[in-house]
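The structure under discussion appears below in the form of structure tokens.
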Amino acid sequence: MVVPSLLPGLLLLLPPAVRGEERDETEKAPDAEVVVEDRRVSESLAQVSLDRDALEAFPASSADEMLKAMPGLHLSAHGGHGKAYQYFVRGFDAVHGSDLAVSLEGIPLNEVSHIHGQGYLDLHFLPTVLVRGLDLWRGSSRPEAGDFALAASAELHLGLADPGLLVQVGGGTDRSGHGLVAWRPAGGGPTDFAVAEGEAGEGVGDRRAFREVRLAGGKGGWLGPARVRAFALASDNTFESPGVVREDDVGSGEVDFYGAYPEAGGGRSSRLLAGVEVARSLEAGGWQFLGWGGLKALELRRNFTGYAQYADHGDGVLQAQEGGAAGLRLRGWRHLEGVGSILEGGVDVRGDRFDQWEQGLEPDGTIWAERVDARVSQGSAGAWADLGLDPWPWLSVEPGVRAEALAIRLLRRIDDLGTPVLNPRPAHAWAPVLCPKARLSLFGDRPWSAFATWGRGFRSPEARGVEDGDRAPVATADTAELGVRWAAPDASVTLVGFHTIVSNEIVFDHAAARFLSSGATRRLGGEVVASLEPFRFLRVETEVTWADGRTLASGEALPYAPRWLASTGLYARRAGAEGRATCGLRGWFLGPRPLPEGFYSHPAFVVDATGHAEWRRWVLDVDVDNLLGTRWRDGEFVYPSWFDRSRPESELPALHVTAGDPFAIRIAVGRRFS
Amino acid sequence: MSRMHPCAWALAVLASCSPESRGSLQIPVHLAGSDPATFVGSDGAEVRLDRALLVLSDLRLESPPTVARLRLPSPLRSAWAHPGHDFSGDTACELLGTWELDLLSDSGLDPGNATCLEGDLATGRVRLSAEPALDLAGEVTLEGGEKRSFHFEVFLDEEVAGIPIEARLDADAPPALLDLAASPATMLSWSDWSTEDEDQDGLLTLSDGALGNTVPFGVVSTASFTLDLDE
Numbered sequence: 049m050v051v052p053s054l055l056p057g058l059l060l061l062l063p064p065a066v067r068g069e070e071r072d073e074t075e076k077a078p079d080a081e082v083v084v085e086d087r088r089v090s091e092s093l094a095q096v097s098l099d100r101d102a103l104e105a106f107p108a109s110s111a112d113e114m115l116k117a118m119p120g121l122h123l124s125a126h127g128g129h130g131k132a133y134q135y136f137v138r139g140f141d142a143v144h145g146s147d148l149a150v151s152l153e154g155i156p157l158n159e160v161s162h163i164h165g166q167g168y169l170d171l172h173f174l175p176t177v178l179v180r181g182l183d184l185w186r187g188s189s190r191p192e193a194g195d196f197a198l199a200a201s202a203e204l205h206l207g208l209a210d211p212g213l214l215v216q217v218g219g220g221t222d223r224s225g226h227g228l229v230a231w232r233p234a235g236g237g238p239t240d241f242a243v244a245e246g247e248a249g250e251g252v253g254d255r256r257a258f259r260e261v262r263l264a265g266g267k268g269g270w271l272g273p274a275r276v277r278a279f280a281l282a283s284d285n286t287f288e289s290p291g292v293v294r295e296d297d298v299g300s301g302e303v304d305f306y307g308a309y310p311e312a313g314g315g316r317s318s319r320l321l322a323g324v325e326v327a328r329s330l331e332a333g334g335w336q337f338l339g340w341g342g343l344k345a346l347e348l349r350r351n352f353t354g355y356a357q358y359a360d361h362g363d364g365v366l367q368a369q370e371g372g373a374a375g376l377r378l379r380g381w382r383h384l385e386g387v388g389s390i391l392e393g394g395v396d397v398r399g400d401r402f403d404q405w406e407q408g409l410e411p412d413g414t415i416w417a418e419r420v421d422a423r424v425s426q427g428s429a430g431a432w433a434d435l436g437l438d439p440w441p442w443l444s445v446e447p448g449v450r451a452e453a454l455a456i457r458l459l460r461r462i463d464d465l466g467t468p469v470l471n472p473r474p475a476h477a478w479a480p481v482l483c484p485k486a487r488l489s490l491f492g493d494r495p496w497s498a499f500a501t502w503g504r505g506f507r508s509p510e511a512r513g514v515e516d517g518d519r520a521p522v523a524t525a526d527t528a529e530l531g532v533r534w535a536a537p538d539a540s541v542t543l544v545g546f547h548t549i550v551s552n553e554i555v556f557d558h559a560a561a562r563f564l565s566s567g568a569t570r571r572l573g574g575e576v577v578a579s580l581e582p583f584r585f586l587r588v589e590t591e592v593t594w595a596d597g598r599t600l601a602s603g604e605a606l607p608y609a610p611r612w613l614a615s616t617g618l619y620a621r622r623a624g625a626e627g628r629a630t631c632g633l634r635g636w637f638l639g640p641r642p643l644p645e646g647f648y649s650h651p652a653f654v655v656d657a658t659g660h661a662e663w664r665r666w667v668l669d670v671d672v673d674n675l676l677g678t679r680w681r682d683g684e685f686v687y688p689s690w691f692d693r694s695r696p697e698s699e700l701p702a703l704h705v706t707a708g709d710p711f712a713i714r715i716a717v718g719r720r721f722s
Numbered sequence: 160m161s162r163m164h165p166c167a168w169a170l171a172v173l174a175s176c177s178p179e180s181r182g183s184l185q186i187p188v189h190l191a192g193s194d195p196a197t198f199v200g201s202d203g204a205e206v207r208l209d210r211a212l213l214v215l216s217d218l219r220l221e222s223p224p225t226v227a228r229l230r231l232p233s234p235l236r237s238a239w240a241h242p243g244h245d246f247s248g249d250t251a252c253e254l255l256g257t258w259e260l261d262l263l264s265d266s267g268l269d270p271g272n273a274t275c276l277e278g279d280l281a282t283g284r285v286r287l288s289a290e291p292a293l294d295l296a297g298e299v300t301l302e303g304g305e306k307r308s309f310h311f312e313v314f315l316d317e318e319v320a321g322i323p324i325e326a327r328l329d330a331d332a333p334p335a336l337l338d339l340a341a342s343p344a345t346m347l348s349w350s351d352w353s354t355e356d357e358d359q360d361g362l363l364t365l366s367d368g369a370l371g372n373t374v375p376f377g378v379v380s381t382a383s384f385t386l387d388l389d390e
């Protein structure tokens, strides 16, 4: 616990900051850099961009956790170390990604019609060392953001920042071990890399063991005048999941706060993803082509309710999905001379095909019921355009539009009763979506500026919900934002208000294990983001978000999404001729969340820290979870359950919790070789 | 006095805005029969009960259905997910256990405290699942003066659901008592006392005529039970 608190002080001992050290110069080598740089006319001031330096200083133990840099976003890891996180954004319970679109270099990572939840978003396959940049957008005003961009969207950039061979090993008080080999050839750019990473641990508490292996390779270069890059990532994760424990059982001492019931689950996830990108810059514009494909397999076992639903067999469930997806993206942009504007547009095509199963699972692992056995083929084709107009220096207007066509083919091999279907016939459905967008900014070149955005985002329908010939129901969200910003060279303050109407909310019902339609909902909120750089090596960021989500029909609060989120981070960086160091200390506050049945979750205040130091060839990484050792609840759910069959079955809704990460410190030491 | 750090102050303000969770409360439960040992039915027959034992278990009270329950027909019929993101159960008040209640007892039975959650109540339910759930014996005097003995042993495994109770529970002002009363008169109100003694055993039993249907029907009838909260 002492190490991170000393890091800021140690930073001051380093030589004065010298920007543009060796690493940056290499990145800028013209023959190595193949990342298509920013072409956008204007960005919403609600955007957050983090480069590698900022990411190194941001406490995050996985690529998923880096998304917490988005103001108004919170994530919960109630499923263990290997399953997708649960996301909360601006009053949305985005569950496992249903309202948050995330892409990697343009490759959409949300999985459509996933067995475990629409838009399933799992970033565990991505080594954090390869996340070279992260762009986060709140709202749905980006025309290029497609499916699932209802509440927010994010783009991860792939690349290895540092040249040479890095070999690193480490371990932590959370009974974990970590090994990393990362290589970027001398003279190569960030897109040239080979990475092998392994991680395993028992975790603090019961049923939290995991094992992860990640491999990645990438190569960039030139093909005539066009820049080309190709990359591939593969991962295999096996993990236990503590699930939940009843709060009253914790209170009575029957189960430890960091304990788990014997029925707790786990799973295994494997993924292969590859992409090829070709891009060319022209005199007045440019174009980019991206082709990608991937395979994914997931198996999840869980039991959140004990024996409440099936007293004889238990409520254990096995969910599995196997399949692949492929797609392409074509985009272009062109400056329109004389008009002071730029036109940008693109086409996205995606196809998914997968099999999925859900089965009832006895405590001993025996399968006793078949509930889902289906093959899904799902495709989408979208086109978008974005016109940036700057009629006066103080005014920027950016209308845009995205049109999307969705097609679904569903083959059910068993019916709703679990009976095999003889001669199953596929059901086909389709849906069109039109999403207008607009952004406007005033006085963008002055200390005081203002902006307004409006955009419609959409969520594709679940394949298993369609009938043959359906025009499938598509959920849309219209979001309006209004913001002002004051910016000085070393400080800025942004205030944003937002209002979102969702056409048709879907909410999970665990008893039926399916989504329920809950009609239209709205979110109303605001956020304040302040940044201050009192010294060149130190940045302080504070953000506060308030979001209130309610159903339009009844006015009742939407469950689970937090109303208050606040964080303060201190991020420091010093660099010199022989080394550099970054560190970050971030405290965040999670306000009480409305839960079903009139309950509210417990608030939490947690401080995480990270530090990264390099001295000559030596590398030291320190990550601290929960520096203050706060006993906090990561997941809180209210429903009836029955785990202890020696007692009568209660039907009263009870609070169930998943313990948040306790204090843990992980240290990794590495050495670079030329 | 040390100055409060601005961040701590801000968090304290945010925490003070925290809404409170729905409170819980304990309410003593009282079970009793609601009729005297001798009563006159709607058909004019005078019934005298010599024995009236009812075995009850698991008393539950439920909140009224609300829009937030959102159990609407969905076009998204088959989207699946894991538990935890769900609607919780309707039950708002619960006392678990099994109790043998002498419906003729003056004092009734005090089985313990029900654990309840604040909010509106609409209905209650109780399970009848012993062997037998109801044991009624006595004599009925028909309007013409004819006397007939009866003995009904009702074997059931069924919940009596939908017992009305319109009330609102407030943890700051908990009710003094939750009364569940069972009415043998109502349970027997569907019985035809002129039924022929088919097995010639000298007793009216469930084997005779339609009594095998009407008596169990009366036992599980919602009208045979009343729920009340005493302030």
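As they're listed, the protein sequences go chains A and B.
Residues in the first sequence are numbered consecutively from 49, following this note's numbering.
Residues in the second sequence are numbered consecutively from 160, following this note's numbering.
For each residue, glycine too, the CB sits at the ideal point set by N, CA and C.
Among A:278, A:318 and A:348, the one whose alpha carbon lies nearest that of residue 312 of chain A: A:348
Check whether residue 211 of chain B and residue 323 of chain B have beta carbons under 7 Å apart: no
Reference residue 473 of chain A; option with closest CA among A:258, A:462 and A:675: A:462
7 Å Cβ cutoff, residue 388 of chain B in contact with chain A: no
Within chain A, the residues that residue 200 of chain B reaches when beta carbons sit closer than 9 Å: Going along chain A, no residue has its Cβ under 9 Å from residue 200 of chain B, so there is no contact; the nearest lies around 36 Å.
Residue 594 of chain A classed as buried or exposed, judged by whether at least 16 other C-beta atoms fall within 10 angstroms: buried
For residue 298 of chain A: DSSP bridge partner residues: Partner(s): none; residue 298 of chain A has no beta bridge.
Counted within 10 angstroms of its Cβ, other Cβ atoms place residue 591 of chain A as buried (16 or more) or exposed: buried
Exposure of residue 141 of chain A, with buried meaning 16 or more beta-carbon neighbours within 10 Å: buried
As assigned by DSSP and simplified to three states, the class of residue 376 of chain B: helix
Buried or exposed (CB count within 10 angstroms, at least 16 for buried), residue 359 of chain A: exposed
Contacts that residue 618 of chain A makes with chain B (C-beta to C-beta distance below 9 Å): Chain B residues near residue 618 of chain A: none, gap ~11 Å exceeds 9 Å.
Interface partners of residue 698 of chain A on chain B, CB under 7 Å: 253 and 255
Paired residues, beta bridge with residue 244 of chain A - DSSP: A:229 and A:263
Opening and closing residue of the beta strand (DSSP E) in which residue 280 of chain A lies: 274 to 288
DSSP state of residue 72 of chain A mapped onto helix, strand, coil: The pLDDT assigned to residue 72 of chain A is 39, lower than 50, so where the model puts this residue is not dependable; a value taken from the coordinates is nonetheless given after this. Note: residue 72 of chain A maps to helix in three-state DSSP.
Under 7 Å by beta carbon: chain A residues contacting residue 219 of chain B: 699
Closest Cα partner of residue 161 of chain A within the set A:373, A:339 and A:466: A:373
At least three beta-carbon pairs within less than 8 Å, the region 478 to 491 of chain A to the region 448 to 467 of chain A: yes
Residue 422 of chain A (DSSP reduced to helix, strand or coil): strand
Closer than 7 Å to chain A by CB, residue 180 of chain B: yes
Interface flag, residue 140 of chain A vs chain B, CB-CB below 7 Å: no
At least 3 beta-carbon pairs within less than 8 Å: the region 262 to 278 of chain A vs the region 647 to 655 of chain A: no
Straight-line gap, residue 521 of chain A to residue 509 of chain A (C-alpha atoms, nearest Å): 6 Å
With 16 other Cβ atoms within 10 Å as the buried cut-off, status of residue 306 of chain B: exposed
Simplified DSSP assignment, three categories, for residue 465 of chain A: coil
Residue 198 of chain A beta carbon less than 7 Å from that of residue 525 of chain A: yes
Coil, strand or helix - residue 701 of chain A by DSSP: coil
Element boundaries [alpha helix (DSSP H), containing residue 344 of chain B]: 343 to 346
Residue 352 of chain B to residue 308 of chain B span [Cα, whole Å]: 10 Å
Segment contact flag, the region 491 to 510 of chain A with the region 187 to 202 of chain A, C-beta cutoff 8 Å, min 3 pairs: yes
Under 8 Å by beta carbon: chain B residues contacting residue 589 of chain A: What residue 589 of chain A touches in chain B: nothing, since even the nearest Cβ is about 13 Å away.
Cutoff 8 Å; reference residue 727 of chain A; Cβ partners in own chain excluding five residues on either side: Absent from the structure is residue 727 of chain A, since the part of chain A shown begins at 49 and ends at 722.
Against chain B: residues of the region 642 to 667 of chain A by CB proximity under 7 Å: 644, 645, 646, 647, 648, 651 and 653
Residue burial classification, residue 124 of chain A (beta-carbon count within 10 angstroms, cutoff 16): buried
Residues that residue 300 of chain B contacts on chain A, provided the C-beta gap is smaller than 7 Å: Within 7 Å Cβ-Cβ: nothing; residue 300 of chain B doesn't reach chain A, min ~42 Å.
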